[in-house]
Amino acid sequence: MVLLFGKNVLALDIGSKFIKAVYGSSLKSGADVKEYAMLGTPRAAVYDGCINDIKSITEVISGFMKGKSIKANSMITGIGGKDIVTRHIELPHMTEKQVKKAARLEIQQYLPINTDEYAIDSKTIEKGETSNGKMLDVLVAAVPKKKVEG
């Protein structure tokens, strides 16, 4: 996990109608928002969570950054769409490498198509102990590769 405390961060939510941008820094006591904007998304540039016209999206975001003299160390963005699958799964205690393999196998039961077409990642949320022994609560996300690889 990347810690962003004290760093300047640009957070973007790129939608089919608007690009919501927030610039600031993350503090232990909360957030210090320096700039924010709701920018119009160019027509047909985004559809169902997929960016179809990266050049026009880049121009809008660059214009906002230049206009506000924004210099961010990091950027955070989300991804959405009906074809994204997220699930919480419970796994026995294992290494992070083993969790990645197990998560890929577990998520296959939720995907009606070839998992090779999806980027799959996982994050251990919590470690605990049950009557079955040490367990991990794991969040698994599967996103079509066409959305994240272009």
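Throughout the sequence shown, residue numbering follows the numbering used here, covering -12 to 137 in sequence.
By construction, the Cβ of each residue, glycine as well, lies at the ideal position given by its N, Cα and C atoms.
Keep in mind the model is a prediction, meaning the values are calculated, not measured.
For this session: Might you give, ordered along the chain, the residues of its own chain that have their beta carbon closer than 6 Å to the beta carbon of Gly115, omitting 5 neighbours on each side?
Result: Here the set comprises Met122.
Problem set entry | Same chain, Cβ closer than 7 Å to Arg74, neighbours up to 5 away in sequence not counted | Answer for Arg74: Ile94, Tyr97 and Val127, listed in chain order.
For this session: Report the three-state DSSP secondary structure of Asp142 (helix, strand or coil).
Result: The question about residue 142 has no answer here: the residues shown for the chain are numbered -12 through 137.
Problem set entry | Nearest neighbour of Leu26, chosen from Gly67, Ser49 and Leu78 [CA to CA] | The shortest Cα separation from Leu26 among Gly67, Ser49 and Leu78 belongs to Ser49.
Problem set entry | Boundaries of the alpha helix (DSSP H) in which Thr45 is found, first to last residue | Looking at the DSSP string, the run of the alpha helix (DSSP H) that includes Thr45 is Ile41 to Gly54.
Problem set entry | Glu77: first and last residue of the uninterrupted beta strand (DSSP E) it sits in | Taken as a continuous stretch (DSSP letters only), the beta strand (DSSP E) holding Glu77 covers Val72 to Pro79.
For this session: Determine the DSSP secondary structure at Lys114, reduced to helix, strand or coil.
Result: Strand at Lys114.
For this session: Just tell me which of Gly120, Asn119 and Val125 has its CA closest to the CA of Ile107.
Result: Among Gly120, Asn119 and Val125, the Cα nearest to that of Ile107 is on Val125.
Exercise. For Ile44, does the count of other Cβ atoms within 10 angstroms reach 16, so buried, or fall short, so exposed?
Worked result: Buried, by the Cβ-count rule.
Problem set entry | First and last residue of the uninterrupted alpha helix (DSSP H) at Leu92 | Glu83 to Ile94 is the span of the alpha helix (DSSP H), which, as asked, contains Leu92.
Exercise. Out of curiosity, what's the CA-to-CA distance linking Val135 and Gly68?
Worked result: Looking at the two C-alpha atoms, the distance is approximately 12 Å.
For this session: Examine the Cβ distances between the stretch 49 to 62 and the stretch 77 to 91 and report whether three or more of them are shorter than 8 Å.
Result: The answer is no - the stretch 77 to 91 does not touch the stretch 49 to 62, with fewer than three Cβ pairs under 8 Å.
Problem set entry | Three-state secondary structure assigned by DSSP to Lys132 | Residue state, collapsed to three classes: helix.
Problem set entry | Rounded C-alpha distance that separates Val(-11) from Pro29 | At Val(-11) the pLDDT is 49, less than 50, meaning the model places this residue with poor confidence and gives no usable figure here.
Problem set entry | Residues that Lys21 bridges to, as DSSP identifies them | According to DSSP, which records beta bridges pairwise, Lys21 is partnered with nothing at all.
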